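A.B. asks: The sequence shown runs 1 to 592 under full-length UniProt numbering. We put the beta carbon where it would ideally sit given N, CA and C, even for glycine. Since the structure is predicted, the reported quantities are computational estimates derived from the model, not experimental observations. I'd like to ask some things about the structure below.
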Amino acid sequence: MASAGGERLSTSDFKKKREIEEARKNGTLPPEQDADGNLINPHNPEYISKRPWYLGDSGPSLKHQTLQHQAHLLSIQEADELYLKGRKQQTVAEPSNSSRQRKWRKGACKNCGAMSHKTNECVERPRKVGAWKTNKDLKKDEVVVDVRSERFGKLAFDAKRDQWLGYDPKEHTKTIERYEKVDAARKKLRAEEINKKLKESADKKKERKRGKAKEKEKERDNKDAASNSDSDSDSDSDYESDLESEDEEFRDHDEGPMFTDRVARQGGVGGAQMKTTVRNLRIREDTAKYLRNLNPNSAYYDPKTRSMRDNPNPELNPEDTTYTGDNLARFTGDTQRLASAQLFAWEAYSKGTDIHPLANPSQAEFLKKQYEERKAALEKEKSRKILDKYGGQEHLEAPPKELLLAQSEQYVEYSRDGRVVKGRERAPVRSKYVEDSFENNHTSIWGSWFDRGEMAWGYACCHSKVRKSYCTGDDGKKALEESKSVTTERPMLKAGGVISKRSEMYGENMAPELDEKKLKKAIKKATKQKKQQADKDEKKRKYNSMGNYEVNAEDMEAYRLLKTRGDDPMAKVFDSEVLLEENEGTGKRAKR
Numbered sequence: 001m002a003s004a005g006g007e008r009l010s011t012s013d014f015k016k017k018r019e020i021e022e023a024r025k026n027g028t029l030p031p032e033q034d035a036d037g038n039l040i041n042p043h044n045p046e047y048i049s050k051r052p053w054y055l056g057d058s059g060p061s062l063k064h065q066t067l068q069h070q071a072h073l074l075s076i077q078e079a080d081e082l083y084l085k086g087r088k089q090q091t092v093a094e095p096s097n098s099s100r101q102r103k104w105r106k107g108a109c110k111n112c113g114a115m116s117h118k119t120n121e122c123v124e125r126p127r128k129v130g131a132w133k134t135n136k137d138l139k140k141d142e143v144v145v146d147v148r149s150e151r152f153g154k155l156a157f158d159a160k161r162d163q164w165l166g167y168d169p170k171e172h173t174k175t176i177e178r179y180e181k182v183d184a185a186r187k188k189l190r191a192e193e194i195n196k197k198l199k200e201s202a203d204k205k206k207e208r209k210r211g212k213a214k215e216k217e218k219e220r221d222n223k224d225a226a227s228n229s230d231s232d233s234d235s236d237s238d239y240e241s242d243l244e245s246e247d248e249e250f251r252d253h254d255e256g257p258m259f260t261d262r263v264a265r266q267g268g269v270g271g272a273q274m275k276t277t278v279r280n281l282r283i284r285e286d287t288a289k290y291l292r293n294l295n296p297n298s299a300y301y302d303p304k305t306r307s308m309r310d311n312p313n314p315e316l317n318p319e320d321t322t323y324t325g326d327n328l329a330r331f332t333g334d335t336q337r338l339a340s341a342q343l344f345a346w347e348a349y350s351k352g353t354d355i356h357p358l359a360n361p362s363q364a365e366f367l368k369k370q371y372e373e374r375k376a377a378l379e380k381e382k383s384r385k386i387l388d389k390y391g392g393q394e395h396l397e398a399p400p401k402e403l404l405l406a407q408s409e410q411y412v413e414y415s416r417d418g419r420v421v422k423g424r425e426r427a428p429v430r431s432k433y434v435e436d437s438f439e440n441n442h443t444s445i446w447g448s449w450f451d452r453g454e455m456a457w458g459y460a461c462c463h464s465k466v467r468k469s470y471c472t473g474d475d476g477k478k479a480l481e482e483s484k485s486v487t488t489e490r491p492m493l494k495a496g497g498v499i500s501k502r503s504e505m506y507g508e509n510m511a512p513e514l515d516e517k518k519l520k521k522a523i524k525k526a527t528k529q530k531k532q533q534a535d536k537d538e539k540k541r542k543y544n545s546m547g548n549y550e551v552n553a554e555d556m557e558a559y560r561l562l563k564t565r566g567d568d569p570m571a572k573v574f575d576s577e578v579l580l581e582e583n584e585g586t587g588k589r590a591k592r
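What follows is the structure in structure tokens.
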């Protein structure tokens, strides 16, 4: 037997334990007490009175059922106060310059010389030669306040996860001072380089001036000394002005061009070069897609792909908005070309050609190009054949629409009632025919009448449809009406009589009358020939034989009667078989 605590009990021990529990429940034995002297009710179930195995076995107790007092948790503020208190103790315990350590002590850090940490825990910059050998710049001992070791209490949830816990913001001033020293040294070095360049340029100019002075002395003996002296004075003044401008440039722009380096472009901002003092800033003045229309029933925004395919503001003019949806960009560039290539591949695959635009794009592109060229050639050939057959090539040779609808520089201003106020009114388009001129005694012009029956133009005075014909007046109109009235309507056919017999319905009455004697004779003859062909195994008459036979109506009828029809269901019935039908008169079954 096993107890709740995990101990293995023998049968006698387990029996004894059960007897004690029963005696306590009956009141013959006093109840059990816990460590604090409190009585434990013997009627409590075992799962309440027994401690769980993970809490340890410390005797009978009910403390595990009560809410225990939790230890105080250190907040971020309390942890920072502990660190601040440790720093104050460190400043108080700092020795003066006279009492500072001047020799490395045993057990101290070999890198900096402090006793508060080991060498592998040192946060100082690794020295080339450690302090344990040089005995120089020995660091002071630190007052270590390790709050995370839970020596002062457990940290709260946010304090344990604070990465800046115990950081002193004043330490950042050391970083600022270090950068200021580097910047001052850089400026000093830059100033020395500029002074050196100025000195070199001044020395070069002095040498040039000395050379020019020697040349002037040689040229003074010449006749044009006066003109040469004037040009020399001009060059001297130019040289002095150049020196003054350069000195003024370095004097005025002391903090500008003198102490800034130019480096390559960073992050795509600026030109080919930019100054190091310029910050790389991003301009974020764009509006998010989902903020253009706050209506929840507007275009759907997919946060996973960050796409909004529909137009969020369809009621606005697309020219006035900066964003009209992602679908506008989805159908630009090579999108339509790729879609047409995929459609061509699908159609070709359905017709038996194995094309895959992704696995073999070169083949698909080549076949598509070849197909389009053949299609264009076939369409061109088709249009050429139509033009050759029906004509009309001259109508296709029209100027392009750009020239037909071209703009002009002629300015015309109209009033509200449509009259021309400023400029010249555009002349109306004239017809290719001569207008307002009556020819060949006509009283109306050509095209004043249209014949709807023949779909042709003519003259309204005589209804003549012949161009440049002589006018016939009212006589021509009467003649045209008489020619139209000649074509009378075709009379209706008489309706046939009512079909009374079934043979008339199938046209049996229209068949030629046959002679019964000749028909019987033809049937016998055909039967005899059929038997002879079945008995004799001879070759058929050749195609080019000289036999000549005349077939009359009776022979043809005998052939139809004796012809074997495979689609006839009664053709498979042999002569010996008995038909199922009975004669109406005798009541006997008929044989075939």
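Give a yes or no on contact between the region 61-78 and the region 138-158, applying the rule of three or more CB pairs nearer than 8 Å.
C.D. replies: Verdict: yes, contact present.
A.B. asks: Less than 7 Å between the C-beta atoms of G86 and V143, yes or no?
C.D. replies: A contact, by the Cβ cut-off of 7 Å.
A.B. asks: Output the distance between the C-alpha atoms of D334 and L378, rounded to the nearest integer angstrom.
C.D. replies: Cα-Cα distance, rounded: 27 Å.
A.B. asks: May I ask which residues mark the beginning and end of the beta strand (DSSP E) holding V182?
C.D. replies: Segment H172 to E219 is the alpha helix (DSSP H) holding V182; no beta strand (DSSP E) there.
A.B. asks: Once you ignore the five residues that flank A345 on each side, which residues in its own chain have a CB closer than 6 Å to its CB?
C.D. replies: The residues are I355, P357 and A364.
A.B. asks: Give a yes or no on whether the C-beta atoms belonging to S61 and A35 are separated by under 7 Å.
C.D. replies: Their beta carbons are under 7 Å apart, which means S61 touches A35 by this criterion.
A.B. asks: Whole angstroms are fine: how far does the CA of V412 sit from the CA of G423?
C.D. replies: G423 and V412: Cα-Cα distance of roughly 5 Å.
A.B. asks: As an exercise, report each continuous alpha helix (DSSP H) stretch of at least 4 residues that is fully enclosed by the region 1-79, in chain order.
C.D. replies: DSSP runs (the alpha helix (DSSP H)) wholly in the region 1-79: 11-26 and 46-49.
A.B. asks: Suppose the cutoff is 6 Å on Cβ atoms and the five residues either side in sequence are ignored; what does the same chain contact list for N327 look like?
C.D. replies: The residues are R309.
A.B. asks: C462: beta carbon under 6 Å from a heavy atom of the ligand NAD?
C.D. replies: Inclusion of the ligand NAD in the displayed structure is not the case, the ligand content being empty and no account of it being possible.
A.B. asks: Note the first and the last residue of the continuous alpha helix (DSSP H) segment covering F344.
C.D. replies: Where F344 is concerned, the enclosing alpha helix (DSSP H) stretches over T335 to S350.
A.B. asks: Going by beta carbon distance, what residues of the same chain come within less than 6 Å of L138, once the five residues before and after it are set aside?
C.D. replies: Contacts found: Q101, G113 and A131.
A.B. asks: Taking the continuous beta strand (DSSP E) assigned at D417, which residues delimit it?
C.D. replies: Premise fails: D417 is in no beta strand (DSSP E) and is neither H nor E.
A.B. asks: Using the three-state DSSP reduction, which class does D451 fall into: helix, strand or coil?
C.D. replies: Here D451 sits in strand by DSSP.
A.B. asks: List the DSSP bridge partners of K154.
C.D. replies: Its beta-bridge partners are L73.
A.B. asks: Identify the continuous alpha helix (DSSP H) that holds A131 and give its terminal residues.
C.D. replies: Counting along the chain, the alpha helix (DSSP H) containing A131 begins and ends at A131 to T134.
A.B. asks: Which word fits V145, buried or exposed, when buried means at least 16 other C-beta atoms lie within 10 angstroms of its C-beta?
C.D. replies: Result: buried.
A.B. asks: Would you say A553 and I523 are within 7 Å of each other, going by their C-beta atoms?
C.D. replies: No, these two residues do not count as a Cβ contact at 7 Å.
A.B. asks: Does the distance from the CB of L55 to the CB of H64 come in under 7 Å?
C.D. replies: Yes; because the gap between Cβ atoms is below 7 Å, this pair is in contact.
A.B. asks: Quick one: Cα of A329 to Cα of Y301, how far?
C.D. replies: Roughly 16 Å between the two C-alpha positions.
A.B. asks: By the three-class DSSP mapping on this structure, what secondary structure does A108 have?
C.D. replies: In this structure, A108 counts as coil in the three-state DSSP scheme.
A.B. asks: Measuring straight from C-alpha to C-alpha, what distance separates L514 and L562?
C.D. replies: So the two alpha carbons sit approximately 17 Å from each other.
A.B. asks: Using 8 Å as the cut-off, can you tell me whether the region 160-179 makes contact with the region 193-211, which would need three or more C-beta pairs spanning the two stretches below that distance?
C.D. replies: No: the two stretches stay apart, fewer than three of their Cβ pairs being nearer than 8 Å.
A.B. asks: Answer with buried or exposed for E19, where buried requires no fewer than 16 other C-beta atoms within 10 angstroms of its C-beta.
C.D. replies: Classification for E19: exposed.
A.B. asks: In angstroms, rounded to a whole number, what distance separates the CA positions of L67 and F152?
C.D. replies: Taking the straight line joining both Cα atoms gives about 23 Å.
A.B. asks: Rounded to whole angstroms, how far is the Cβ of K468 from the Cβ of N440, which I believe are closer than 8 Å?
C.D. replies: Sure, about 6 Å apart at Cβ, within 8 Å.
A.B. asks: Report, in whole angstroms, the separation of the C-beta atoms of K17 and L9, which I expect to be a contact under 8 Å.
C.D. replies: So it is a contact: roughly 7 Å between Cβ atoms.
A.B. asks: Taking only three categories from DSSP, how would you classify D302?
C.D. replies: If DSSP states are grouped into helix, strand and coil, D302 belongs with the strands.
A.B. asks: DSSP on G166, reduced to helix/strand/coil?
C.D. replies: Note: G166 maps to coil in three-state DSSP.
A.B. asks: Of all the options T353, L294, E171 and Y290, which has the alpha carbon lying nearest to the alpha carbon of K304?
C.D. replies: Minimum Cα distance to K304 is reached at Y290.
A.B. asks: I'd like to know whether the C-beta atoms of W457 and G473 end up nearer to each other than 7 Å.
C.D. replies: For W457 and G473, no; Cβs fall outside 7 Å.
A.B. asks: Helix, strand or coil for G86 per DSSP?
C.D. replies: Note: G86 maps to helix in three-state DSSP.
A.B. asks: Specify the secondary structure class of residue 598 as computed by DSSP and reduced to three states.
C.D. replies: Residue coverage of the chain in this structure runs from 1 to 592, which leaves residue 598 outside it and unanswerable.
A.B. asks: With H, G and I counted as helix, E and B as strand and the rest as coil, what does DSSP make of S444?
C.D. replies: It is coil, neither helix nor strand.
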